[in-house]
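Under our numbering, the first residue of the sequence shown carries the number 14, and numbering increases by one thereafter.
Contents: one structure, followed by commentary.
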Amino acid sequence: MMSLVTLSDISSDRGHPSDIIGLSRLESGRILASIGDLEPAMRHLWIAMRRLSSVEMSAESVVCAIEWLDIALDEIEEDSPMMDERIVDAKPRDSPGMTTVPSNPDDIRECVELILSLALIDVSGTQRDDLGLVLDASQAIHEPKWKSEIEKRSHEIQDSRLLEALQS
């Protein structure tokens, strides 16, 4: 918990640059996710993704998108508020607790497109959990184009689990 307090001191109000803020939000999101408090974890990961994208830290931004997507795929609702709206409307909670919220399919689309922008550069590697998450997202929100994009590169894929998922 002390780590969260320390990380919360890092902000633009205190003159910290976007890269430091983004990395601190990434770490805050990870801590919150590890204790099961998913709603604020998703907000922190989303802010981290935005901040790191704004300073062209694309690899780190994609990491945030992957971690956010891993949580977001658990519960999806078409009419759920978008993440940017949730961030604007966020308020301190009256009491701590483990909270979850459904994700919006449009936020999922944004994250998947960001992930694919980097992941499709080289699809080799024996553990491509990033591409596996994209396949899960493709199925979850009925977006076949992502699976098709990965299938086009199947001859380059080395991850046996991913190849198996593509065949099913």
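Glycine included, each C-beta is placed from N, C-alpha and C at the ideal position.
In this text, all values refer to a predicted model and were calculated from it rather than measured experimentally.
{"query": "Simplified DSSP assignment, three categories, for I44", "result": "helix"}
{"query": "D142 - containing alpha helix (DSSP H), residue span", "result": "D142 to A153"}
{"query": "Which of helix, strand or coil DSSP assigns to S116", "result": "strand"}
{"query": "Simplified DSSP assignment, three categories, for I89", "result": "strand"}
{"query": "Status (buried if at least 16 other CB within 10 Å, exposed otherwise) for V75", "result": "buried"}
{"query": "Under 7 Å between C-beta atoms of G35 and L65", "result": "yes"}
{"query": "Cβ contact check for the segment 129 to 149 and the segment 99 to 111: 3 or more pairs under 8 Å", "result": "no"}
{"query": "L144 to E169 span [Cα, whole Å]", "result": "13 Å"}
{"query": "7 Å Cβ cutoff met for A150 and I121", "result": "yes"}
{"query": "Beta-carbon proximity of L58 to E80, cut-off 7 Å", "result": "yes"}
{"query": "Residue from E73, V101, W159 and V114 whose Cα sits closest to the Cα of D92", "result": "V114"}
{"query": "Residue range of the alpha helix (DSSP H) that includes P94", "result": "Segment: none, P94 is in no alpha helix (DSSP H) and carries neither H nor E."}
{"query": "Pairwise C-alpha distance: S173 and L51", "result": "30 Å"}
{"query": "C-alpha distance - V125 paired with P105, whole-angstrom precision", "result": "29 Å"}
{"query": "For S167, the first and last residue of its enclosing alpha helix (DSSP H)", "result": "No alpha helix (DSSP H) holds S167; DSSP gives it neither H nor E."}
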